[in-house]
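As structure tokens, the structure follows; a few thoughts come after it.
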Amino acid sequence: MATVIRASTRSTLLQVCGAEDDNAAHRLRHRVNRAELVRIRRGCYFSASDWLRSPPWDRHLIATVATGLVRRQEIFCRETALALYGVPLLKTPQAVHVRTNNNGQSGRRGRAAITGAAPRSSLARTWHQAFGEQPSGGAWLRRFTGVDTKRVQYPLKFRESLRRGLDPRIAVDYSGALQHLTPPPGEFFDPQGIHLRTEPLPLCVVDTVCRSDMSAGVVILDAVLAGRHTGRSMERNAFNPWLQSIPSQRAHARWQRALEFADPLSESPGESLSRLRISQLGFEVPTLQQEITVADGTRYRTDFFWKDAGVIGEFDGIMKYTRARTLAGLAAADVVVKEKTRERRIEQQGYRVVRWDWNDLRSPERLRNILSDYGVPRAVQGKPA
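Mapped onto full-length UniProt numbering, the consecutive letters of the sequence shown carry residue numbers 1 to 385.
Next up, the structure:
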């Protein structure tokens, strides 16, 4: 039999074909060879055109769902588990992270072909169906690649020995803390009714942040402490029972730096990274989410505020406008007009409004120049993060 995941009014998106259903398996393989479907995992197929149109984070979740359907016993961890909880990540994971108690199985499996024997001409036809244009060059073919699986051992202090799996003395508490999550829906799929075994959120945060650079760690912690997307805020002491999973003093120092810098008032990954860049560049720490009252009594909340300098900072991320459009039911152009009106009214109160975007965050020197040009004050005391 086939398990089918549907998305609202769309047709079947993902099928899991049982080994006993040879005819169905043959038909699905034939559709892969015609570039109508892509093979995400053994026995798991997805609409090829919808795979192409899905953003990277959705493709990662699709591969995660397929992994969990093929191997129901899988336990998802690290960045993949965070994605299942809905925690925003600075970068899309390049692999599906699952636990293993076998050192011989740990590591990253190479990317399996997802297009079967489909010729380039069929792939090009599917690309045209998805985007309404003929592909050019060779880079477009990379969109037809799958997502790896990376198997990772349990944290060293959780193991019975260096080469063996979970210590029986820890297994009861660990197993009892596992969650069964329904993955968040994507643009072209809805995994309603699917439940995947996932490590507890505090462990996922600790085990990921202690291995990540400062920027990725702060983005995760800001979101989790605030309860964005997960639906509930988290106290810092909630991580304490899982700190033993940190593998080294260096990793512990990395964790501690990120935790000390984290601030739940940052409302998006872009704001979190902006706050870190501002500190690293040696500028004064701004007030977050300060409300400004304009002449008609309307109150506007700002991303960053330097009161003494009379400067307001705004991070321009595409998600800000997408979210505003979704919540208010406005067209994109209307959202932009509304934002410009907001900025003009704030400036009429005597404030200077400085804006930056993702490209500026990726080029710290450019961000330094932008902030300096608008008179953002330098930090007087202390060292930047």
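The beta-carbon is built from N, C-alpha and C at its ideal position, and this holds for glycine as well.
Which listed residue (the options) has its alpha carbon closest to that of residue i
i, options, result
"residue 99", "32, 117, 196", "196"
"residue 261", "60, 125, 216, 123", "216"
"residue 134", "125, 141, 372", "125"
"residue 223", "174, 373, 102, 267", "267"
"residue 79", "107, 150, 23, 141", "150"
"residue 373", "283, 251, 344, 38", "283"
"residue 259", "205, 26, 248", "205"
"residue 177", "199, 159, 23", "199"
"residue 369", "277, 180, 380", "277"
"residue 362", "273, 371, 279", "273"
"residue 297", "349, 138, 61, 23", "349"
"residue 213", "26, 346, 70, 250", "250"
"residue 62", "44, 72, 77", "44"
"residue 51", "139, 138, 143", "143"
"residue 270", "343, 344, 355", "355"
"residue 241", "77, 203, 336, 27", "203"
Cut-off 7 Å between Cβ atoms - residues of its own chain near residue i, not counting five sequence neighbours on either side
i, result
"residue 117", "33"
"residue 74", "67, 68, 98, 197"
"residue 286", "278, 304, 305, 306, 313"
"residue 49", "126, 129, 130"
"residue 226", "233, 264"
"residue 106", "100, 151, 152, 153"
"residue 257", "214"
Residue j beta carbon less than 8 Å from that of residue i
i, j, result
"residue 295", "residue 375", "no"
"residue 245", "residue 157", "yes"
"residue 172", "residue 90", "no"
"residue 243", "residue 263", "no"
"residue 229", "residue 364", "no"
"residue 92", "residue 38", "no"
"residue 191", "residue 65", "yes"
"residue 35", "residue 123", "yes"
"residue 182", "residue 170", "no"
"residue 31", "residue 70", "no"
"residue 81", "residue 57", "no"
Rounded separation between residue i and residue j - CA only
i, j, result
"residue 130", "residue 145", "16 Å"
"residue 208", "residue 201", "11 Å"
"residue 59", "residue 86", "14 Å"
"residue 55", "residue 188", "10 Å"
"residue 136", "residue 127", "10 Å"
"residue 180", "residue 174", "13 Å"
"residue 255", "residue 102", "27 Å"
"residue 366", "residue 359", "9 Å"
"residue 168", "residue 155", "14 Å"
"residue 379", "residue 247", "34 Å"
"residue 7", "residue 121", "Only weak support exists for where residue 7 lies, its pLDDT of 43 falling under 50; the coordinates are left without a value."
"residue 23", "residue 113", "22 Å"
"residue 166", "residue 338", "55 Å"
"residue 334", "residue 340", "10 Å"
"residue 236", "residue 164", "31 Å"
"residue 252", "residue 210", "6 Å"
"residue 9", "residue 104", "For residue 9, the predicted structure reports a pLDDT of 39, less than 50, and the residue's modelled location is therefore unreliable. A value from the coordinates is still provided. The alpha-carbon atoms of residue 9 and residue 104 are separated by roughly 44 Å."
"residue 238", "residue 153", "23 Å"
"residue 76", "residue 342", "43 Å"
"residue 53", "residue 336", "25 Å"
"residue 26", "residue 119", "18 Å"
"residue 221", "residue 275", "13 Å"
"residue 231", "residue 72", "26 Å"
"residue 139", "residue 377", "44 Å"
Chain-order list of residues whose beta-carbon lies under 6 Å from that of residue i (same chain, five-residue window excluded)
i, result
"residue 312", "302, 305, 351, 353"
"residue 357", "316"
"residue 160", "167"
"residue 345", "294"
Beta-carbon proximity list for residue i, same chain, < 8 Å, skipping 5 on both sides
i, result
"residue 299", "291, 292, 293"
"residue 148", "94, 95, 96, 108, 109, 110, 111"
"residue 281", "364, 367, 368, 371, 384"
"residue 347", "353"
Closer than 8 Å to chain B by CB, residue i
i, result
"residue 273", "The structure shown has no chain B; it contains just one protein chain."
Inset, instruction - Can you check the region 91-130 for any beta strand (DSSP E) of at least 3 residues that lies completely inside it and give the ranges in chain order? - result: 95-100
Legend entry - Continuous beta strand (DSSP E) assignments of at least 3 residues falling wholly in the region 344-370: 352-357
Legend entry - Within the region 233-315, ranges of the alpha helix (DSSP H) (whole runs, at least 4 residues): 249-261, 269-280
Inset, instruction - Write down every uninterrupted run of the beta strand (DSSP E) in the region 193-222 whose length is 3 residues or greater and which is fully enclosed by it, in chain order. - result: 196-198
Inset, instruction - Within the region 51-96, note down every full alpha helix (DSSP H) run reaching 4 residues or more, in order along the chain. - result: If we require 4 residues or more, the alpha helix (DSSP H) runs fully inside the region 51-96 come out as 56-70, 78-85.
Inset, instruction - Please list the segments of the beta strand (DSSP E) lying wholly inside the region 134-202, counting only runs of 3 or more residues, in order along the chain. - result: 148-153, 179-181, 196-198
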